[in-house]
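One structure is given here, and the rest of the page talks about it.
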Amino acid sequence: MQPIRGFWVRSKRRSTSASISASETTQNGQRSAVEGTVYKALIRPLLYLLPAEAAHHLAFGALRMLAAIPGVVALMRRVFHQTGPSSHVRALGLDFPNPIGLAAGFDKDAVGYEALGAMGFGFVEVGTLTGQAQPGNPKPRLFRLPKDRALVNRLGFNNRGSADAVARLQRPRRTIVGVNIGKTKVVPEEQALGDYVASAKRVGPYADYVAVNVSSPNTPGLRNLQAAEKLRPLLAAVKEALNEVSPGRQVPLLVKIAPDLADEDVDAVADLALELGLDGIIATNTTVARDGLASSADDVERCGAGGLSGPPLQERSMEVLQRLRAKVGDPMVLISVGGIETPEQARERLEAGATLVQVYTAFVYEGPWLPSRLAKGVASSSNPLAGMR
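Every position in the sequence shown, counted from 1, becomes a number in the numbering used here once 170 is added.
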């Protein structure tokens, strides 16, 4: 299928329709709070009896089984109370129904994005997909830190490979789908460019945008590719590959960076994005830092190495967002991710310069009503830059 272009018709924003009423917002918030309480009181405790990765596979598998029943996805769109035209965002040549996205890592193989979109996400980023199928790192490799509402993962890009995902990305869909691509672990750094290009050529014709992931801490040497002298030829080659396989349109290209970059390296990525004419930057991935956690040292040590996600990332993710916006100016799309849990936090990111936002860890802790709650919570706050991108 062809990627979404203008599936949703964006209404003209008028002062009388730019926000939902205060009473409706309160009513929706109260309803979502009740639904969220049901998840936290009944469903989450059962999932927590399982290891984190097993719980993910069980919950996501159940969702996909339900979505396979005719009519269920349409029913889900009604149950999760889709937002109206006032929350649409125009960016990357697309009309996003709302600015709340699901970050890469949840739907690694593009097997359930339509069901996830029906839950209220404005877009879903699938992957990370690599040039070759790979099992990822040994288990256990995903851990909870409940006192911090955080996760630690060292999954290592476990996926079936970019070639395997193509058939599913070709299916007709209503959901905006970005595709996150990364390096195969066994591919040496000096051959990384070819590995990324192979994936880009496969998924480019069917992706609404492509994100180059050079920031996961769980693939040895991957973060070395964030250095400008290595990142420049990589991004240029991926951009050329996307133009080659999609001559009739420009596939939006973004790069995803780590929160652990020094400020001067963040600036270097921003300058490079402008130089190469990238469409956007996703900031940020998980962190290897373990500072300021409420969890005990023993609990943190038990998790071991890996990327930390959730509320501990809030401050640094906001800092990187603000720094990037100051460097790149208004036109470039910035997708902010890291520690967002509430409508207020999502709104703060939008007001700080984010075009769109993504969540992951909060979705695990808060449950299925989170995306619609966030979308409705920010609907009353228009993003002044959204229509420009």
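We treat Cβ as the ideally placed atom computed from N, Cα and C, and that holds for glycine.
Selected residue, minimal CA-CA separation from residue i, among the options
i	options	result
V357	G391, L423, L444, V336	G391
L212	K546, C473, A549, Y535	Y535
A432	R393, A407, K400, R402	R393
V322	G476, D461, V367, A261	G476
Y379	M488, G348, L446, T207	G348
C473	G290, T345, L312	L312
V208	I427, Q361, N413, W539	W539
L444	R402, N455, T454	R402
E359	L446, L404, T512	L404
Same chain, Cβ closer than 8 Å to residue i, five either side skipped, listed in chain order
i	result
E194	Low confidence applies here, because E194 scores a pLDDT of 46, under 50, leaving its location unreliable and the question unanswered by this model.
L217	A225, L228, A229
Q492	A522, G523
For residue i: DSSP bridge partner residues
i	result
E295	G348
G287	According to DSSP, which records beta bridges pairwise, G287 is partnered with nothing at all.
T300	G352
D265	R260
S506	A453, V527
L245	Its beta-bridge partners do not exist; DSSP assigns none.
G271	F293, Q528
Nonlocal neighbours in the same chain, by C-beta distance under 7 Å from residue i, ignoring five residues either side
i	result
D468	none
T196	Only weak support exists for where T196 lies, its pLDDT of 49 falling under 50; the value from the coordinates is given anyway. Within the same chain, T196 has no close Cβ partners at all.
D318	L463, A464, S465, G480, P481, P482
A232	none
V336	R372, V373, Y376
P221	P310
V367	A407, V408, A411
S191	Residue placement at S191 is flagged as unreliable, the pLDDT there being 41, under the threshold of 50; the coordinate-derived value follows with that caveat. Taken in chain order, the list of residues that qualify is empty.
Whole-angstrom C-beta distance between residue j and residue i, which should lie under 8 Å
i	j	result
K355	F327	7 Å
D277	V249	So it is not a contact: roughly 20 Å between Cβ atoms.
L504	T525	6 Å
V425	V439	7 Å
G547	A496	Contact flag wrong, Cβ pair sits at about 26 Å.
Closer than 7 Å: residue i CB and nearest the ligand FMN heavy atom
i	result
A303	This structure does not include the ligand FMN; it has no bound ligands of any sort.
Cutoff 6 Å; reference residue i; Cβ partners in own chain excluding five residues on either side
i	result
A303	R330, G331
R519	S506, V527
R460	V470
Y283	D277, V294, V296, T345, V347
V415	K371, G374, P375
N383	T298, N350, G352, K426
- Segments assigned beta strand (DSSP E), at least 3 residues, entirely inside the stretch 345-406: 347-352, 379-383
- At which residue ranges does the stretch 518-547 contain complete alpha helix (DSSP H) runs of 4 or more residues, listed in the order of the chain? 531-536
- Secondary structure, beta strand (DSSP E): runs of 3+ residues fully inside the stretch 313-343: 320-323
- Item | Within the stretch 423-500, ranges of the alpha helix (DSSP H) (whole runs, at least 4 residues) | 433-446, 467-473, 484-498
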